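Novice: Can you read through this structure? Questions will come right after.
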Amino acid sequence: MSKKRLSSQVGHTTDSYHRDELPIAQGKAKIIRELQRNPVTILVGETGSGKTTQIPQYILEAGISGGKCIAITQPRRVAATSLAARVAMEQGVSLGTSVGYSIRFDEHCSPNTKIKFITDGMLVRELMSDKYLSNYGVIIIDEAHERTLRTDVLLASLKQILRRRNGSSQGHDQSQDPLKVVVMSATLDAQGFSNFFDSIKPIYVKGRQHDVHIFHTLTSQPDFVEAALRTFFQIHTSNNPGDVLIFLPGQEEIENLNSSIRFYARQLPQGVMPVLVYPMYSSLHPSQQSKVFMRTPHGSRKCILATNIAETSITIPGIKYIIDTGKCKERRYVAREAGSGVDTLLTRDISRSSAMQRAGRAGREGEGFCFRLFPKQAFDSMAPTLEPEIRRCDLTAMILELKSLDLDIERLDFMDKPDEDAVYSGLTTLSILGAIDKHQNLTGAGKKMAALPVDPKFSRAILASEELGCSQEVIDIVSVLSVSSRLFLGVQNDDSNVVGTRDKFKHPSGDHCTILNAFRAYQEVVSSGTYGEATSWCARNFLNARALSEAVEIRRQLRGICKRIGINTDLSCSGQVQPIIHCLVLGLVQNAAFIQPNGFYKQVMGPSVVKIHPGSVVAQTHHPAIVYDELVFTTQTYVRGVSIVTKAEISNVFSSISGRF
DNA sequence: GAGCACTGC
498 MSKKRLSSQV GHTTDSYHRD ELPIAQGKAK IIRELQRNPV TILVGETGSG KTTQIPQYIL
558 EAGISGGKCI AITQPRRVAA TSLAARVAME QGVSLGTSVG YSIRFDEHCS PNTKIKFITD
618 GMLVRELMSD KYLSNYGVII IDEAHERTLR TDVLLASLKQ ILRRRNGSSQ GHDQSQDPLK
678 VVVMSATLDA QGFSNFFDSI KPIYVKGRQH DVHIFHTLTS QPDFVEAALR TFFQIHTSNN
738 PGDVLIFLPG QEEIENLNSS IRFYARQLPQ GVMPVLVYPM YSSLHPSQQS KVFMRTPHGS
798 RKCILATNIA ETSITIPGIK YIIDTGKCKE RRYVAREAGS GVDTLLTRDI SRSSAMQRAG
858 RAGREGEGFC FRLFPKQAFD SMAPTLEPEI RRCDLTAMIL ELKSLDLDIE RLDFMDKPDE
918 DAVYSGLTTL SILGAIDKHQ NLTGAGKKMA ALPVDPKFSR AILASEELGC SQEVIDIVSV
978 LSVSSRLFLG VQNDDSNVVG TRDKFKHPSG DHCTILNAFR AYQEVVSSGT YGEATSWCAR
1038 NFLNARALSE AVEIRRQLRG ICKRIGINTD LSCSGQVQPI IHCLVLGLVQ NAAFIQPNGF
1098 YKQVMGPSVV KIHPGSVVAQ THHPAIVYDE LVFTTQTYVR GVSIVTKAEI SNVFSSISGR
1158 F
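The letter at position 16 of the first sequence is residue 513 when you use my numbering, and the numbering goes up by one with no holes.
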């Protein structure tokens, strides 16, 4: 494979530094001046510039926050906690005093906290109780280029809050102290932020970086897994030291390449370094995941095969070579009438900024190399950034959240306007669920649903569970469903034992009650044993221990909120299944499907013909009617999280809600 | 017979 040599500057961070030596320190005086002068500042800083740790301290030290708290939002929880720890150390204070953090389930703050790292989702939740965010003097939106749904909601709200707290014009609230907003982005495409905030000129800060030499292929590589295999062995047989990180779109490609590399590595001649191959993706067993962080033994080479997880979420030390297939998986919601939309999960080309971010992963500790398995022209014609989340996800939950903040999604000034069909679809779902009335006003039920931090279809089920006397069971099920990661773990080289142990929890009615069985069994182990015992019990039963312990926390949180908003959480249907299923049907009405003569199921409220995902406990069975949690198109249209119901149950619920849409 | 990555009073 021939490659054209190009050079590019990309980011680098070291673990130990003096604050004054960071690249951003050179521009400190200028930055402080700009911050003092302007209500909104846009700051573009490359990786390793030190902006995230230093800007809050500059603001504090220069007294710009007017004695009030400075919030710095982060899209990820780990980032919020580790950055807070770093800044506390630099300030010479203990974490949770003047420097703290706030993430779901874990808050380390005091009334005297002046610098608070907070997940963007938590700050959105804080809006619900304080709609001017009046506790804060400065709000810093970090990693704004990632354009998460919650970042976009915050930016839109902040624009309005700025008018209320600062403006001389209409809507200014005299009782409010002024607010400053800092938008920080790691990529050069700050134009969008600039346009959004009255054409403010961004401040640029260079990063601290090592050179990364970038190579492109001359032609496009349709079989990128095979191209990655060849490129890896070219690097490997050169015998230059340094670990390799290969970016692939998904688990399937990773496992294929894993076995190919292992196969060929065994046939290498004597004298070539041994290779240690590690897959890395989010649903991998935690014990397998942690292997990528182990030090590479002297005289061997580590090769990590990763999804996008290694692009932003985790940093693996020692990487000198990147092989970038230029592909990722993208989840996208395709809205359809009556809220019967489909999620698609398909492989697509990455963006230019993503390609640059991936290359940068080779330059963190020294000079690096990045081999792109696509031509330079392909790079040039890539989209500059991926489409923001607000343009490609189901907006139902967000519309409900905004309604409870008295905000109207159709009137809010967003950086990118949400898709009209997605808004319509979300509004339809909310009216079917009874969260809004004919005039699209929040109902009493809708207020309660908004208070519960779960998908509206699940908060609907929780509300119903009080009437049907099974709030204990339904809250338990919803807690597990609300955990992002999967409950049942697979292992590499799938062996039939996994299915065997899963059968232990299997309930004939489907996945929801199966989940309940597993969760109840786990809770019993936890209450009668130590944390370590629970973890090993999970491992023996191929259950995701992290998912279950998170479900316990979500359960505690949901029960707390239910009590506060007046939902009795102690009702149990003691072993009966029907009430539980009925609650689920009320939340999942739009997700009902009837069987067809050919064995496939057809949506009742939409046109799709669907198949039960093979991971479901009822995958191989046939029943007249089902309800499901998710509809995802990958290679086929699959439904996941399935319970068996009767056609009568579906039509009863239909007639009780007809007229709402 | 198959699962990109995050997040929430």
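Yeah, the Cβ is synthetic: ideal placement off N, Cα and C, and Gly gets one too.
Predicted, not measured: the structure shown is a model, and the values here were computed from it.
Let me make sure I understand the geometry here. Which of T1032, Y830 and A947 has the alpha-carbon closest to that of F1130?
Specialist: Among T1032, Y830 and A947, the Cα nearest to that of F1130 is on Y830.
Novice: Closer than 8 Å is the cut-off here; do at least three beta carbon pairs connect the region 920–933 with the region 859–878?
Specialist: Contact between the region 920–933 and the region 859–878 is absent, because fewer than three Cβ pairs lie under 8 Å.
Novice: Give the straight-line distance between the Cα atoms of L965 and D1067, rounded to the nearest whole angstrom.
Specialist: One C-alpha to the other measures close to 12 Å.
Novice: Go ahead and label A947 buried or exposed: buried means 16 or more other beta carbons lie within 10 angstroms of its beta carbon, across all protein chains shown.
Specialist: With 16 or more Cβ atoms within 10 Å of its Cβ, A947 is classed as buried.
Novice: Is it right to say V769 is buried, meaning 16 or more other beta carbons lie within 10 angstroms of its own, or is it exposed?
Specialist: V769 is exposed by the Cβ-count criterion.
Novice: Please check the pair I819 and A859, which I expect to be a contact at CB under 8 Å, by giving their CB distance rounded to whole angstroms.
Specialist: At roughly 4 Å, the Cβ-Cβ gap stays under 8 Å, so I819 and A859 are in contact.
Novice: Counting Cβ pairs closer than 8 Å, one from the region 662–676 and one from the region 708–718, do we hit at least three?
Specialist: Output reads no: the region 708–718 does not touch the region 662–676.
Novice: Our contact map puts K780 next to R983 with C-beta atoms below 8 Å; I'd like the distance itself, whole angstroms only.
Specialist: It is Ser, not Lys, that sits at residue 780 in the sequence shown. With 8 Å as the limit, S780 and R983 qualify as a contact, their Cβ atoms being about 6 Å apart.
Novice: In its own chain, which residues sit with a C-beta less than 8 Å from the C-beta of N990, not counting the 5 before and 5 after it?
Specialist: Per-residue confidence for N990 stands at a pLDDT of 46, beneath the threshold of 50, marking its modelled position as unreliable; the derived number appears in the next sentence. Cβ neighbours of N990 beyond the five flanking positions: none.
Novice: What residue does the beta strand (DSSP E) around L843 start on, and which one ends it?
Specialist: Start and end: V839 to D846.
Novice: Taking DSSP as the reference, what is the three-state secondary structure of A948?
Specialist: Helix, per DSSP.
Novice: So, for Q786: in the same chain, excluding its five sequence neighbours on each side, which residues have a beta-carbon less than 7 Å away from its beta-carbon?
Specialist: M777, listed in sequence order.
Novice: Tell whether a beta-carbon distance below 8 Å holds between A683 and E543.
Specialist: Yes. Within cutoff.
Novice: Which residues in the same chain have their Cβ closer than 6 Å to the Cβ of V680, if we skip the five residues on either side of it in sequence?
Specialist: I539, I638, A641 and F690, listed in sequence order.
Novice: Could you tell me if V774 is buried or exposed, where buried requires 16 or more neighbouring beta carbons within 10 angstroms of its beta carbon?
Specialist: Buried: at least 16 other Cβ atoms inside 10 Å.
Novice: Determine the closest residue to I1154 out of G931, I561, E752 and L892, with distance taken between C-alpha atoms.
Specialist: Nearest of G931, I561, E752 and L892 to I1154, Cα basis: G931.
Novice: When we look at the beta-carbon of E917 and count the other beta-carbons within 10 Å, is it buried (16 or more) or exposed?
Specialist: Its Cβ having fewer than 16 others within 10 Å, E917 is exposed.
Novice: Secondary structure at A803, three-state DSSP: helix, strand or coil?
Specialist: Reduced to three states, the DSSP call for A803 is strand.
Novice: How far does the alpha helix (DSSP H) with R727 in it extend, from its first residue to its last?
Specialist: From DSSP, the alpha helix (DSSP H) with R727 extends over F721 to T734.
Novice: Which residues does DSSP pair with E827 in a beta bridge?
Specialist: Answer is L843.
Novice: What residues in its chain sit with their C-beta under 6 Å from that of F985, if we drop five residues either side in the sequence?
Specialist: Answer for F985: R999, listed in chain order.
Novice: What is the C-beta distance between V1107 and V1136, in whole angstroms, given that I count them as a contact (C-beta under 8 Å)?
Specialist: The Cβ separation is near 5 Å, so the contact holds.
Novice: Where are the alpha helix (DSSP H) runs, 4 residues long or more, that stay fully inside the region 763–804, in chain order?
Specialist: The qualifying runs are 783–786.
Novice: Have a look at F729 and Y1019 and give me their C-alpha separation to the nearest angstrom.
Specialist: Taking the straight line joining both Cα atoms gives about 43 Å.
Novice: Which ranges does the beta strand (DSSP E) cover as unbroken runs of at least 3 residues, wholly within the region 1105–1153, from first to last along the chain?
Specialist: Complete beta strand (DSSP E) runs here, min 3: 1106–1109, 1122–1130 and 1134–1142.
Novice: Using 8 Å for Cβ pairs, my map puts T882 next to S837. What's the rounded Cβ distance?
Specialist: Going by Cβ atoms, the distance from T882 to S837 rounds to 30 Å, so no, they are not a contact pair.
Novice: Give the range of the beta strand (DSSP E) segment to which E604 is assigned.
Specialist: Where E604 is concerned, the enclosing beta strand (DSSP E) stretches over D603 to H605.
Novice: Excluding five sequence neighbours on each side, which residues of the same chain lie with their C-beta closer than 8 Å to the C-beta of N755?
Specialist: Excluding positions up to five away in sequence, the list reads V774, P776 and L802.
Novice: Can you list, in chain order, the residues of its chain with a C-beta nearer than 7 Å to that of C1080? Leave out the 5 residues immediately preceding and following it.
Specialist: A958, A961, S962, L965, C967 and V971.
Novice: Determine, using beta carbons only, whether V678 and P536 come nearer to each other than 8 Å.
Specialist: Taking 8 Å as the Cβ cut-off, V678 and P536 qualify as a contacting pair.
Novice: Measuring alpha carbon to alpha carbon, tell me which of D910, I521, N1065 and S1152 ends up nearest I700.
Specialist: Looking at the Cα atoms, I521 is the closest of the given residues.
Novice: For V590, tell me which candidate among K611, T841, S1105 and P950 has the shortest Cα-Cα distance.
Specialist: Considering only alpha carbons, the answer is K611.
Novice: Helix, strand or coil, according to DSSP, for E880 in the structure here?
Specialist: In the sequence on display, residue 880 carries Ala and not Glu. Correct three-state label for A880: coil.
Novice: At 4 residues or longer, and completely inside the region 535–586: list those alpha helix (DSSP H) runs for me, N to C.
Specialist: With a minimum length of 4 residues, the continuous alpha helix (DSSP H) runs that stay inside the region 535–586 are 548–558.
Novice: Identify every residue that forms a DSSP beta bridge with G1007.
Specialist: Note: G1007 sits in a beta bridge opposite S1140.
Novice: Residues bridged to D821 by DSSP?
Specialist: Partner(s): F744 and R869.
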